[in-house]
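Undergrad: Going letter by letter, the sequence shown gives residues 951 to 1166 in the working numbering. The C-beta atom is built at its ideal place from N, Cα and C for all residues, glycine as well. Okay, handing you the structure first.
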Amino acid sequence: MMPLVKICGMRQTAQIIECERLGVPYLGFIYYPRSPRFVGEQFVMPALKRVKKVGVVVNASLEQVAYLVRRDSLSVVQLHGDESPAYCQALRQSLSVKLWKVFPVGEALPSVQSLQAYVPYVDAFLFDTAGAQRGGNGQVFSWQLLAGYSLPTPLWISGGLGLHNMSALCDFLRAHPHLPVEGLDFNSALELSPGNKDMQKVCDLLKYFELKSEQI
951 MMPLVKICGM
961 RQTAQIIECE
971 RLGVPYLGFI
981 YYPRSPRFVG
991 EQFVMPALKR
1001 VKKVGVVVNA
1011 SLEQVAYLVR
1021 RDSLSVVQLH
1031 GDESPAYCQA
1041 LRQSLSVKLW
1051 KVFPVGEALP
1061 SVQSLQAYVP
1071 YVDAFLFDTA
1081 GAQRGGNGQV
1091 FSWQLLAGYS
1101 LPTPLWISGG
1111 LGLHNMSALC
1121 DFLRAHPHLP
1131 VEGLDFNSAL
1141 ELSPGNKDMQ
1151 KVCDLLKYFE
1161 LKSEQI
C-alpha cells in the first residue's frame, strides 16, 4: 500500500476545491497566527464532501480547538506545539476526532519513553524536521532515523517532501516494511509562495502516486 497524501498550508478557496476534485485525501489548515501559512482571521472553510480536513494548532486552549473542530468540521487535529500527554488525554475525552502529535526531528528521534506517554491518547505521530519555524521549513531529516521505530502507533512523515525526493523515500519505505507509515505530509515543496500552491506540482505528485499504486 502506498502512503496517504496530505497537503498542508492550504488557505486559497479555489486551490482547496481543486485539491478535493483531484482526490487529495487530506488537506491541512494552519490556525497558528505566527505561521506564514496562517489561514487568517476571516477564513471561511469551503464546503467539502470527501477530503479529510486537518486542523494544525500550536499550544491552543482546549476551548479553541473544540471551536475550530465544530466550525470547520475538522476530521483531525494536528498538535504542533508543546502539548502534553495530559492535554492530549483531555482532548481525547472531549472530542470525537483523530489526534496527531507532531515531534520535531533533529539528530535523533524522540526517546521511546517520551513517545510512549502519548500512545494511549493519539492516533498517529507526525515527524517533521526541526527548524526555526514550527513546520514548513523545507528541510528533510534523515529518514534512516526511523529504522529503529518499534511502536505500533502509525507514522506520518513530513519535512521538505516533494516529487524530487519521492523515489528515494519510497525506496527507504520498501527497505523497511515494518514501519507503520500511514501517510506523507507535503507543504513548502509544492508552493509558489507560503500558502499559495503550485497546482501543477500537486497534479504531478498525485500522478506519481497513482502510477506507483498501479505497480503494487
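1) If distances are taken between C-alpha atoms only, which option among L1101, L1076 and H1128 comes closest to V955?
2) Looking at G1031: is its Cβ nearer than 8 Å to the Cβ of T1079?
3) Distance check for Q1094 and P1233, CA to CA, integer angstroms please.
4) Can you list, in chain order, the residues of its chain whose CB lies under 7 Å from that of L1065, leaving out five sequence neighbours each side?
5) CA-CA distance, K1051 and Q1028?
6) Note the first and the last residue of the continuous beta strand (DSSP E) segment covering F1053.
7) Just the Cα atoms here: how many angstroms apart are I967 and Y982?
8) Identify whether L1076 lies in helix, strand or coil by the three-state DSSP scheme.
9) Under the rule that 16 or more other beta-carbon atoms within 10 Å means buried, what is A1118, buried or exposed?
10) What does a CB cutoff of less than 6 Å around P1167 pick up in its chain, not counting 5 residues either side in sequence?
TA: A quick look at the data gives this:
1) Walking along the sequence shown from the start, residue 955 turns up at place 5. Of the candidates L1101, L1076 and H1128, the one whose C-alpha sits nearest the C-alpha of V955 is L1076.
2) On the sequence shown, residue 1031 is found 81 positions in, with the first residue counted as 1. On the sequence shown, residue 1079 is found 129 positions in, with the first residue counted as 1. Taking 8 Å as the Cβ cut-off, G1031 and T1079 do not qualify as a contacting pair.
3) Coverage of the chain is limited to positions 951 through 1166, which leaves residue 1233 absent and any answer about it impossible.
4) Taking the sequence shown and counting its residues from 1, one reaches residue 1065 at position 115. Hits under 7 Å: F1075 and L1101.
5) Here residue 1051 refers to the residue found at position 101 when the sequence shown is read from its first residue. Here residue 1028 refers to the residue found at position 78 when the sequence shown is read from its first residue. Each residue's Cα considered, the two are about 6 Å apart.
6) Residue 1053 sits at position 103 when you count from the first residue of the sequence shown. DSSP places F1053 inside the beta strand (DSSP E), whose first and last residues are K1048 to V1055.
7) Taking the first residue of the sequence shown as position 1, residue 967 is located at position 17. Taking the first residue of the sequence shown as position 1, residue 982 is located at position 32. Cα to Cα, I967 sits roughly 22 Å from Y982.
8) Working through the sequence shown from its first residue, we reach residue 1076 at position 126. Note: L1076 maps to strand in three-state DSSP.
9) Locating residue 1118 in the sequence shown gives position 168, counting from the first residue. Exposed is the call here.
10) The requested residue 1167 does not occur in the structure, where the chain is confined to residues 951 to 1166.
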